[in-house]
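Asks: Quick one: this structure, given as structure tokens, is what I'll be asking you about.
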Amino acid sequence: MTGQREERTTPAVRPYVITRGRSGAASPELPWETLVVAVAADPPAGPSGLQPEHRRILGHCQGLLSVAEIAAHLGQPPSVVQVLLGDLVDWGLITTRPPVPAAERTDVTMLRKVLHGLESRL
Amino acid sequence: MVSKAASDQPVVPHDAAQPGAGGGPDPEQHYVRSSVAGAAKILVVGPLGVGKTTLIGAVSEIKPLSTEAVMSQAGARVDRGGERTKTTTTVALDFGRITIDGELVLYLFGTPGQQRFLPAWRELARGALGALALVDTRDLEASFDALGHLEDLGLPFAVAVNAFPGSPDHGEQRLREALDLLPQTPLVVCDAREYRSSVQALIALVSHLINAAEPT
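One line per chain: the protein sequences are A and B, in this order. With our numbering, letter number 89 in the first sequence gets 179, and the count goes up by one each step, no holes. With our numbering, letter number 140 in the second sequence gets 278, and the count goes up by one each step, no holes.
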């Protein structure tokens, strides 16, 4: 059971230090289920803006993972990870695979695929 | 290759509970298969202690993860002599993952139902296929907020009664009336601790989504 773990109150300091005050509103939004992967195993020495947090993210992106999974592994809120991932996208260091687009979410063929995937697990 | 992240986690033994996914157990379950083109998501909603994390844990191919959504709350700001002290609430959202096939993965996000968590819903609900609303028949009222949010957001959902030992059996009709469900909203009973039962609850939801999407 989750108990009281679902809610905590903390001052909002550290996340905004990491992102240098950016809230994520500027960069195109990466939904939590967006899949990301590093372009290369070893990130280049530059660009100069690459912070330790960026390198940690790259370390977690050696295969496909969702934004939410990366946030959980890093122990940072997704809102912070979204900003840092946005930087990495801008620098060409990671590529993203966006979630199923809106038009397909109510597409019967796509939904049947989900259904069959679940049924095959029974 | 096992990443640093995976080694930080307690090791989960690959025991008999491992579901028989199509191609057998995947030795590298940490990462999503490289052939996957994109992800879909379903919300698992309900009040504290209703079994959201239990259900997600039962069906997820990865150990359920927890991430913290930071919300600045309306009403959580305190004015101190002109200086605005902003406190934020962190909501722990547990989630899991199911590989549907070589092209698609499904994420399940556990979303607390209470009214004050509504801001966290807006971001999560955007792009979701639908929601599975968990209900504890010992405390139906605790589920009202979550069901109300789903209706407000226009997110299609199915209701799954998590059958706790000693839960009162209200009978389907009375339960539907108490929860004010539309006739087409599926209502199933599940045991969130059990793999098959939980997958079947998700199947009820997706079947409902298909019915809603099919032009008839």
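All residues carry an ideal CB built from backbone N, CA and C; glycine is no exception.
1. With DSSP as the reference, identify every bridge partner of Glu310(B), one or two as the case may be.
2. Check whether the stretch 289 to 298 of chain B touches the stretch 339 to 351 of chain B, taking contact to mean three or more Cβ pairs, one atom from each stretch, closer than 8 Å.
3. In terms of DSSP beta bridges, what is Ala207(B) paired with?
4. Jot down the residue ranges of each uninterrupted beta strand (DSSP E) in the stretch 248 to 325 of chain B, minimum 3 residues, whole runs only, in chain order.
5. Measuring CA to CA, which of Val337(B), Thr205(B) and Arg276(B) is closest to Arg211(A)?
6. Just verifying my parser: in three-state terms, what is the DSSP assignment at Ala128(A)?
7. Using a Cβ-Cβ cut-off of 7 Å, state whether Leu196(A) counts as contacting chain B.
8. Does Glu159(A) pass the burial test, meaning 16 or more other C-beta atoms within 10 Å, or should it be called exposed?
9. Just reading off the beta strand (DSSP E) that Thr196(A) is part of, what are its end residues?
10. Ser198(B) versus chain A: which residues are under 9 Å apart at the beta carbon?
11. Quick one: which chain B residues come within Cβ less than 8 Å of Val173(A)?
12. Chain B partners of Gln120(A), CB-CB under 9 Å?
13. Indicate whether at least one CB of chain B lies closer than 7 Å to the CB of Pro189(A).
14. Strictly below 7 Å CB to CB, what residues from chain B border Leu208(A)?
15. Comparing alpha-carbon positions, which option in Leu193(B), Gly268(B), Thr275(B) and Asn300(B) lies nearest Leu288(B)?
16. Does DSSP classify Tyr169(B) as helix, strand or coil?
17. Identify whether Ala162(A) lies in helix, strand or coil by the three-state DSSP scheme.
18. Counting only beta-carbon atoms, is Arg211(A) nearer than 7 Å to chain B?
19. Buried or exposed for Leu201(A), going by 16 or more other Cβ atoms inside 10 Å?
20. Would you say Ser305(B) reaches chain A, if we count a Cβ-Cβ gap shorter than 7 Å as a contact?
21. Counting along the chain, where does the alpha helix (DSSP H) carrying Lys179(B) start and finish?
22. Please confirm whether Ile238(B) has its beta-carbon closer than 7 Å to some beta-carbon of chain A.
23. Could you check what DSSP says for Leu212(A) in three-state terms: helix, strand or coil?
24. In the structure shown, what three-state DSSP assignment does Gly234(B) receive?
25. From Pro353(B), Phe255(B), Gly176(B) and Arg171(B), pick the residue whose C-alpha is nearest to that of Glu206(B); which is it?
26. Can you confirm whether the stretch 243 to 253 of chain B touches the stretch 179 to 187 of chain B when touching is taken to mean that 3 or more C-beta pairs between the two stretches lie within less than 8 Å?
27. In the DSSP assignment, what are the bridge partners of Thr192(B)?
28. Give the C-beta separation of Leu178(A) and His150(A) to the nearest angstrom, bearing in mind that I take them to be a contact with Cβ-Cβ under 8 Å.
29. Give the residues from the stretch 131 to 165 of chain A that approach chain B closer than 7 Å (Cβ to any Cβ), ordered along the chain.
30. Determine which residues share a DSSP beta bridge with Tyr333(B) and list them.
31. Give the residues of chain A in contact with Arg276(B), contact being defined as C-beta atoms less than 8 Å apart.
32. With 16 other CB atoms within 10 Å as the buried threshold, where does Gln322(B) fall?
33. Which residues mark the beginning and the end of the beta strand (DSSP E) in which Ile184(A) is found?
34. Since Val327(B) sits in a beta bridge, which residues does DSSP pair it with?
Replies: Inspection of the coordinates gives the following:
1. Bridge partners of Glu310(B): none, in fact.
2. At 8 Å Cβ cutoff, the stretches touch.
3. Per DSSP, Val229(B).
4. Fully enclosed beta strand (DSSP E) runs of 3 or longer: 266 to 273 and 295 to 300.
5. Taking only the C-alpha atoms, the option nearest Arg211(A) is Val337(B).
6. For Ala128(A), the secondary structure class from DSSP, reduced to helix, strand or coil, is strand.
7. Checking the sequence shown, residue 196(A) turns out to be Thr, not Leu. Answer yes: the Cβ-Cβ gap between Thr196(A) and chain B drops below 7 Å somewhere.
8. It counts as buried.
9. Element bounds for Thr196(A): n/a, residue is neither H nor E.
10. At a C-beta separation below 9 Å, Ser198(B) has no neighbours in chain A, since its nearest C-beta there lies roughly 11 Å away.
11. Residues of chain B passing the Cβ test: none, with the nearest at roughly 12 Å.
12. According to the sequence as given, residue 120(A) is Leu; it is not Gln. Under the 9 Å cutoff, chain B gives no residues; its nearest Cβ is about 11 Å from Leu120(A).
13. Yes, its Cβ sits closer than 7 Å to a Cβ of chain B.
14. Listed along chain B, the residues sitting closer than 7 Å to Leu208(A) by beta-carbon distance are Val337, Leu340, Ile341 and Val344.
15. Ranking Leu193(B), Gly268(B), Thr275(B) and Asn300(B) by CA distance to the CA of Leu288(B) puts Gly268(B) first.
16. Note: Tyr169(B) maps to coil in three-state DSSP.
17. Three-state result, Ala162(A): helix.
18. With its beta carbon less than 7 Å from one in chain B, Arg211(A) belongs to the interface.
19. Classification for Leu201(A): buried.
20. So, not an interface residue.
21. Premise fails: Lys179(B) lies in the beta strand (DSSP E), Gly176 to Gly184, not in any alpha helix (DSSP H).
22. Yes, Ile238(B) counts as interfacial toward chain A.
23. Three-state result, Leu212(A): coil.
24. The three-state secondary structure of Gly234(B), taken from DSSP, is strand.
25. Cα-wise, what sits closest to Glu206(B) is Phe255(B).
26. Segments in contact, yes.
27. In the DSSP assignment, Thr192(B) is bridged to no other residue.
28. Your pair Leu178(A) and His150(A) does not check out as a contact, with CB atoms roughly 11 Å apart and the cut at 8 Å.
29. Hits within the stretch, in order: Gly149, His150, Gln152, Gly153, Leu154, Leu155, Ser156, Ala158, Glu159, Ala161, Ala162 and His163.
30. The partner list for Tyr333(B) (beta bridge, DSSP) is empty, contrary to what the question assumes.
31. For Arg276(B), there are no C-beta contacts with chain A under 8 Å, since the nearest C-beta of that chain is about 14 Å from it.
32. When all chains shown are included, Gln322(B) counts as exposed.
33. Ile184(A): member of the beta strand (DSSP E) spanning Ile184 to Arg187, first to last residue.
34. Partner(s): Val299(B).
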